[in-house]
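I have placed the structure first, in the form of structure tokens, so that the comments after it can refer back to it.
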Amino acid sequence: MSIDLSLHSSSVGPALLGAVVHGPNGSGRIVEVEAYGGTEDAASHACRGVTPRTEPMFGPPGVLYVYFIYGMYHCANVVTGPAGDGQAVLIRAIEPNEVTEAMRTARPTIRRDEDLTNGPGKLCAALGIDRSHDGLNLLHTDSSVRLVIDEPVAPAEIETSTRIGISVAQERPWRWYLRDNAWVSKPR
DNA sequence: CCGCCGATCTTT
DNA sequence: AAGATCGGCGGG
Numbered sequence: 053m054s055i056d057l058s059l060h061s062s063s064v065g066p067a068l069l070g071a072v073v074h075g076p077n078g079s080g081r082i083v084e085v086e087a088y089g090g091t092e093d094a095a096s097h098a099c100r101g102v103t104p105r106t107e108p109m110f111g112p113p114g115v116l117y118v119y120f121i122y123g124m125y126h127c128a129n130v131v132t133g134p135a136g137d138g139q140a141v142l143i144r145a146i147e148p149n150e151v152t153e154a155m156r157t158a159r160p161t162i163r164r165d166e167d168l169t170n171g172p173g174k175l176c177a178a179l180g181i182d183r184s185h186d187g188l189n190l191l192h193t194d195s196s197v198r199l200v201i202d203e204p205v206a207p208a209e210i211e212t213s214t215r216i217g218i219s220v221a222q223e224r225p226w227r228w229y230l231r232d233n234a235w236v237s238k239p240r
């Protein structure tokens, strides 16, 4: 591993661009992320401290935090920072290494390949990630969901913006994505 | 308990 | 622009 996941999520976030996520249905490189802080970040699930749902967020860096949202979708996060802090990086979009039949079966109604994984709920559905994977170690080679961090992308390729879909702490510029990448999520 | 609403996506 | 769909969390 070439980056230190125990650093703050706002440092780890951009460093995770280009890393490869492997799930039950396939794999892809991360092209878009958002950082969430611990209890001091009002937009983070960790802002109210440890609850049954957020307990994995307060584990050691490298843990997977999967939450269920809008009654329908799952979102996947990489826990960062020191254990006990509750920081995480939301994986918002990936570019598949290869579009597999399992990914197409998991998202049968898409019109273009990009719609398989160009959003946090979409990529979890495509890769087959759900709450059963919550809390596992992303760095362990035996895990059914894992993270392979190779070379970082060139800083010149990285674009920054504010976070999407939140109603508080909207000013923090904690979203990063690869410029001109077709798999980055589309504005609503 | 009860009610609100969310780190979303699809359809109209 | 609104609907789908449900669990987590706060308030009473």
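Going letter by letter, the first sequence gives residues 53 to 240 in my numbering.
Glycine included, C-beta positions come from ideal geometry on N, C-alpha and C.
- Taking 4 residues as the shortest admissible run, the stretch 92 to 175 contains the following complete alpha helix (DSSP H) segments, listed from N- to C-terminal end: 153 to 158.
- A straight-line Cα-Cα distance of about 24 Å links Trp226 and Ala177.
- In the structure shown, Arg198 adopts extended strand secondary structure according to DSSP, grouped into three states.
- Per DSSP, Ala208 lies in no beta strand (DSSP E) segment and is marked neither H nor E.
- For His185, the secondary structure class from DSSP, reduced to helix, strand or coil, is helix.
- In this structure, DSSP gives Ala177 a helical state, which the three-state scheme calls helix.
- When the beta-carbon positions are compared, Leu175 and Ile143 come within less than 8 Å of each other.
- Cβ-Cβ distances below 7 Å link Pro134 to Ser58 in the same chain, with the five nearest sequence neighbours on each side left out; the list follows chain order.
- Annotation: the continuous alpha helix (DSSP H) that includes Ser61 extends over 61 to 67.
- Distances from the alpha-carbon of Pro148 to those of Glu92, Leu190, Asn233 put Asn233 closest.
- Excluding its 5 nearest sequence neighbours in each direction, Thr214 has C-beta neighbours in its own chain below 8 Å: Gln222, Glu223, Arg224, Pro225, Trp226, Arg227, listed in chain order.
- Note that the C-beta distance between Pro239 and Gly70 is not below 8 Å.
- In terms of Cβ geometry, Gly180 and Ala158 form a close pair [threshold 8 Å].
- Annotation for Glu203: no beta strand (DSSP E) segment contains it, and DSSP assigns it neither H nor E.
- Only residues of its own chain outside the window of five on either side were considered, and among them Val118, Ile143, Cys176, Ile181 have a CB closer than 6 Å to the CB of Ala128, listed in chain order.
- Under DSSP, Val73 shares a beta bridge with Gly80, Leu199.
- Between the alpha carbons of Thr91 and Ala98 lies a gap of roughly 5 Å.
- In the DSSP assignment, Leu230 falls within the unbroken beta strand (DSSP E) covering 227 to 230.
- Closest in C-alpha terms to Val73, from the list Val220, Ile146, Thr161, comes Ile146.
- Look at Val85 here: in three-state DSSP terms it is strand.
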